[in-house]
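Working notes, beginning with the structure itself.
There are 2 protein chains.
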Amino acid sequence: MPDQPPLLDRLAIRHPIIQAPMAGGATTPALVAAVSEAGGLGMLGAGLMAPAAIAQAIAEIRRLTSRPFGVNLFVPEVKPAERDGPAIDAMIAVLAPWYAELRTEAPPRPVPPPPDFEAQAEVILAARVDVFSFTFGVPDAVLLRAFRDGGAVVIGTATTVAEGLILTEAGVDAVVAQGSEAGGHRGTFAGPFEPALVGTMALVPQMAAVLELPVIAAGGIMDGRGIAAARVLGAAAVQLGTAFLATMESGIHPMYKQELLNATDDATAVTRAFTGRPARGIRNPLMATIEQAGTPIPDYPVQAALTAPIRRAATRWGRTDAMALWAGQGAGRARALPAAALMEALVKEAADATPTAIGRSA
Amino acid sequence: MPDQPPLLDRLAIRHPIIQAPMAGGATTPALVAAVSEAGGLGMLGAGLMAPAAIAQAIAEIRRLTSRPFGVNLFVPEVKPAERDGPAIDAMIAVLAPWYAELRTEAPPRPVPPPPDFEAQAEVILAARVDVFSFTFGVPDAVLLRAFRDGGAVVIGTATTVAEGLILTEAGVDAVVAQGSEAGGHRGTFAGPFEPALVGTMALVPQMAAVLELPVIAAGGIMDGRGIAAARVLGAAAVQLGTAFLATMESGIHPMYKQELLNATDDATAVTRAFTGRPARGIRNPLMATIEQAGTPIPDYPVQAALTAPIRRAATRWGRTDAMALWAGQGAGRARALPAAALMEALVKEAADATPTAIGRSA
Numbered sequence: 012m013p014d015q016p017p018l019l020d021r022l023a024i025r026h027p028i029i030q031a032p033m034a035g036g037a038t039t040p041a042l043v044a045a046v047s048e049a050g051g052l053g054m055l056g057a058g059l060m061a062p063a064a065i066a067q068a069i070a071e072i073r074r075l076t077s078r079p080f081g082v083n084l085f086v087p088e089v090k091p092a093e094r095d096g097p098a099i100d101a102m103i104a105v106l107a108p109w110y111a112e113l114r115t116e117a118p119p120r121p122v123p124p125p126p127d128f129e130a131q132a133e134v135i136l137a138a139r140v141d142v143f144s145f146t147f148g149v150p151d152a153v154l155l156r157a158f159r160d161g162g163a164v165v166i167g168t169a170t171t172v173a174e175g176l177i178l179t180e181a182g183v184d185a186v187v188a189q190g191s192e193a194g195g196h197r198g199t200f201a202g203p204f205e206p207a208l209v210g211t212m213a214l215v216p217q218m219a220a221v222l223e224l225p226v227i228a229a230g231g232i233m234d235g236r237g238i239a240a241a242r243v244l245g246a247a248a249v250q251l252g253t254a255f256l257a258t259m260e261s262g263i264h265p266m267y268k269q270e271l272l273n274a275t276d277d278a279t280a281v282t283r284a285f286t287g288r289p290a291r292g293i294r295n296p297l298m299a300t301i302e303q304a305g306t307p308i309p310d311y312p313v314q315a316a317l318t319a320p321i322r323r324a325a326t327r328w329g330r331t332d333a334m335a336l337w338a339g340q341g342a343g344r345a346r347a348l349p350a351a352a353l354m355e356a357l358v359k360e361a362a363d364a365t366p367t368a369i370g371r372s373a
Numbered sequence: 012m013p014d015q016p017p018l019l020d021r022l023a024i025r026h027p028i029i030q031a032p033m034a035g036g037a038t039t040p041a042l043v044a045a046v047s048e049a050g051g052l053g054m055l056g057a058g059l060m061a062p063a064a065i066a067q068a069i070a071e072i073r074r075l076t077s078r079p080f081g082v083n084l085f086v087p088e089v090k091p092a093e094r095d096g097p098a099i100d101a102m103i104a105v106l107a108p109w110y111a112e113l114r115t116e117a118p119p120r121p122v123p124p125p126p127d128f129e130a131q132a133e134v135i136l137a138a139r140v141d142v143f144s145f146t147f148g149v150p151d152a153v154l155l156r157a158f159r160d161g162g163a164v165v166i167g168t169a170t171t172v173a174e175g176l177i178l179t180e181a182g183v184d185a186v187v188a189q190g191s192e193a194g195g196h197r198g199t200f201a202g203p204f205e206p207a208l209v210g211t212m213a214l215v216p217q218m219a220a221v222l223e224l225p226v227i228a229a230g231g232i233m234d235g236r237g238i239a240a241a242r243v244l245g246a247a248a249v250q251l252g253t254a255f256l257a258t259m260e261s262g263i264h265p266m267y268k269q270e271l272l273n274a275t276d277d278a279t280a281v282t283r284a285f286t287g288r289p290a291r292g293i294r295n296p297l298m299a300t301i302e303q304a305g306t307p308i309p310d311y312p313v314q315a316a317l318t319a320p321i322r323r324a325a326t327r328w329g330r331t332d333a334m335a336l337w338a339g340q341g342a343g344r345a346r347a348l349p350a351a352a353l354m355e356a357l358v359k360e361a362a363d364a365t366p367t368a369i370g371r372s373a
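So the protein lines, in turn, are chains A and B.
Under our numbering, the first residue of the first sequence is numbered 12, with each subsequent residue one higher.
Under our numbering, the first residue of the second sequence is numbered 12, with each subsequent residue one higher.
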């Protein structure tokens, strides 16, 4: 990538470390601001937030830092999912014991839609945030041009080289290469998700070889050695999610944090069970119930709405058996530190990491 | 790993690069010898070879090089698969159009067993090869001790930290950490294979943090940058399969080599279709026929015996639609070079690879 734009210069961040924009409350303003203050790029995962809540979070981040940060949205489905009908009845029947056990109930019918994407984007555009990133597809060209005209760096998410090329064509400034190790939702948008589960070690070099844009490596990176390794593979920057999930400022439940720290390398699975979209999380009883029921899982965002009352109640009760425990395959190496301390450790470890000399004599 | 044994010194190889032992004819004596001559470690994939053929291949390798090399075997199933019965009838019916089209026929019944493991091991032991490696489990303690007493370095294959610990307990000298990117058979032996599909970026650091033995990284490594990245992650050495499959000396069909070079990052799948054991290969029509039939796939090695006549005929006819096109997720970056030239490139690239400085000012 000899002629790649100087991503770090444009973003005016000291370290090529992006805190992944995790939707669902993990990326508190305190976390986003702490990462940006420490010289990385904090990102608000706003995909599930109402427009007014996004505006409020942005204002709060700005009270905490004057450094650049970003906001991420979920690109809506081209064909909206059916929000009522027998398939939804069937899934509610599967979930009924969980609604009962957690003293909650199924959502009203038709299932409420997610926040309006256009309205979310308008808030972010009006706030003139430094970075706009997105997942699950490509927003329309007019919106992307508006962000770029407003001075934002625009970052898309790809799980294959083919998706990276679609994003390049759409005019993004950089592409997140999401390896199969990554926790949370798969960004896959141009085909089935199974073949697009490409490991970071294989994905980043192929993406870097073909794309003429900076590639941001994501998936399985938990420490400075992972950062250095990703850079060796051709990444201009890295994006870490699970590593920041365990920090003090992360908004997840303390018992979910504990599950991360205890996770073995084979603790996770990619499942449509929680939201209708494939996402990687620690296997637990709610996931097993839904997967083993044999009932077709409604598409995103309907399945997310059906499980939301259970997941919310599980968080109130501290019941990790019924949360969505999003996590990458490196979760067990997460560290329960303040975000600033984690950033400091990452930077130091990456600086210390050099490949052991290849020759025997060294 | 402060007190790890000096793996390279014990093996007396110049470069920490192991050519993966791929069964099925890829690892010709010419390939094994060329890699060892170039300062790496050539490995004969002998899992499917009759004892006499193994002895002959070892003799041939020794005519070509006096450097160290190794031999790999498949540890047999604890509970041998049923070699006759209605499930086998059903699979033969699924395969019938392929037998017919490729002018071959189903194997005799009961399905012939694979070569005898004890007899294979005896040949290797008698030949006093430098390295004995194995996949699919753990050989019995008496056999492992015999190899170690004979001076061989013993290497096992693990896909999770838990498997790495089992191998450590069994007394191996080093553990291959096989990431999910890797082509060919999954080494998984201590549980279901799906959760054990852990990406190299996540697997190697976790393995290196827990095991007190040298970790050999495998999966998705196609060039010297991949080697340097794996070393940064904590690997003492690397094992490359797909990269060597495309070399001149590799025994695979020229059209299979072409499929490797043309592969996209999302071209492969992990399937039980060809052999009854999960293995990663380029998706093709024979794989699709078997997977989509909805007929239960017999266990290894029975399914391997049922598809063998088709795969053999496909190789005779140059029909890649009916071969098992084992390949890792980095296949598209393979290079059609002589093995010595590939080794030279790998060593040079790895020596040149340094992580780009982490700080913005650099």
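Glycine included, each C-beta is placed from N, C-alpha and C at the ideal position.
In this text the structure is predicted, and so the values were computed from the model without any measurement.
Check: From Ala304/B, Ala345/B, Thr282/B, Pro265/B, pick the residue whose C-alpha is nearest to that of Trp328/B; which is it?; Outcome: Pro265/B
Check: In its own chain, which residues sit with a C-beta less than 8 Å from the C-beta of Gln30/A, not counting the 5 before and 5 after it?; Outcome: Thr38, Leu42, Val43, Val46, Gly51, Leu52, Gly53, Met54, Gln250, Leu251, Gly252, Phe255, Ala350
Check: On the CB-based measure, 16 or more other CB atoms within 10 Å of its CB, does Asp184/A come out buried or exposed?; Outcome: buried
Check: Which chain B residues sit within Cβ distance under 9 Å of Val172/A?; Outcome: Thr275, Asp276, Asp277, Gly343
Check: Grouping DSSP H, G and I as helix and E and B as strand, with all else coil, what is Phe143/A?; Outcome: strand
Check: Name the chain B residues whose beta carbon is nearer than 7 Å to that of Pro108/A?; Outcome: Ordered by position in chain B, no residue passes the 7 Å Cβ test against Pro108/A, which lies about 25 Å from the chain.
Check: Considering only residues of the same chain and omitting the five flanking positions on each side of Asp310/A, which have a CB-CB separation below 6 Å?; Outcome: Ala92, Gly287
Check: Using the Cα positions of Thr365/B and Ile166/A, report the straight-line distance between them to the nearest angstrom.; Outcome: 26 Å
Check: Of the choices Ser144/A, Val153/A, Ser191/A, whose alpha-carbon is the least far from that of Thr168/A?; Outcome: Ser144/A
Check: Shorter than 7 Å from the beta carbon of Ser191/A to some beta carbon of chain D?; Outcome: Absent from the structure: chain D. Protein chains present are A and B.
Check: Please name the residues in the stretch 206-219 of chain B whose beta-carbon is closer than 7 Å to at least one beta-carbon of chain A, in chain order.; Outcome: Pro206, Ala207, Val209, Gly210, Thr211, Met212, Ala213, Leu214, Pro216, Gln217
Check: Can you tell me which of the three DSSP states Ala193/B falls into?; Outcome: coil
Check: With 7 Å set as the bound, which would you pick, yes or no: does the beta-carbon of Gly231/B sit closer than that to a beta-carbon of chain A?; Outcome: yes
Check: Below 8 Å CB to CB, which residues in the same chain sit around Gly305/A once its five sequence neighbours on both sides are set aside?; Outcome: none
Check: Excluding five sequence neighbours on each side, which residues of the same chain lie with their C-beta closer than 6 Å to the C-beta of His196/A?; Outcome: Arg288, Ala290
Check: Which whole runs of the alpha helix (DSSP H) in the stretch 285-347 of chain A are 4 residues long or more, in chain order?; Outcome: 296-303, 313-328
Check: Going along the chain, which residues of the stretch 48-70 of chain B sit with their C-beta nearer than 9 Å to a C-beta in chain A?; Outcome: Gly50
Check: Closest to Gln340/A by C-alpha separation, out of Pro119/A, Ser191/A, Val140/A, would be which residue?; Outcome: Ser191/A
Check: Which first and last residues belong to the alpha helix (DSSP H) in which Met266/A is found?; Outcome: 265-273
Check: Going by DSSP in three states, Leu178/A sits in which element: helix, strand or coil?; Outcome: helix
Check: Following the continuous alpha helix (DSSP H) through Ala111/A, name the residue where it begins and the one where it ends.; Outcome: 97-112
Check: Just verifying my parser: in three-state terms, what is the DSSP assignment at Ala31/B?; Outcome: coil
Check: Alpha carbon to alpha carbon, how far is Ala324/A from Arg330/A? Give it in angstroms, no decimals.; Outcome: 8 Å
Check: When you compare each of Thr199/B, Leu208/B, Ala181/B to Ala193/A by their alpha carbons, which one comes out closest?; Outcome: Leu208/B
Check: For Met12/B, collect the residues of the same chain with a Cβ closer than 6 Å to its Cβ; drop the 5 residues on either side in sequence, then sort them by chain order.; Outcome: Per-residue confidence for Met12/B stands at a pLDDT of 37, beneath the threshold of 50, marking its modelled position as unreliable; no derived number is given.
Check: For the beta strand (DSSP E) containing Ile65/A, name the first residue and the last one.; Outcome: Careful: Ile65/A lies outside any beta strand (DSSP E), inside the alpha helix (DSSP H) at 62-75.
Check: Pull up the distance between the alpha-carbon of Leu75/B and that of Pro32/B, whole angstroms please.; Outcome: 18 Å
Check: Roughly how many angstroms separate the alpha carbons of Ala241/B and Asp276/B, rounded to a whole number?; Outcome: 19 Å
Check: Going by C-alpha distance, which of Glu112/A, Ile28/A, Ala66/A is nearest Glu48/A?; Outcome: Ile28/A
Check: Let me make sure I understand the geometry here. Which of Glu174/B, Ala63/B, Val358/B has the alpha-carbon closest to that of Ala130/B?; Outcome: Ala63/B
Check: State the DSSP-derived secondary structure class of Val43/B, mapped to helix, strand or coil.; Outcome: helix
Check: Nearest to Gly292/A by alpha carbon, out of Leu336/A, Val172/A, Gly230/A, Ala362/A?; Outcome: Leu336/A
Check: Just to confirm my understanding: we take Pro87/B, look at its own chain, exclude 5 residues before and 5 after, and list those with CB closer than 7 Å. What are they?; Outcome: Phe128
Check: Would you check if the distance between the CB atom of Pro307/B and the CB atom of Asp332/B is smaller than 7 Å?; Outcome: no
Check: Does any CB atom of chain A fall closer than 7 Å to the CB of Arg236/B?; Outcome: yes
Check: Using CA atoms only, rank isn't needed, just tell me which of Gly58/A, Thr279/A, Ile69/A, Ile238/A is closest to His26/A.; Outcome: Ile238/A
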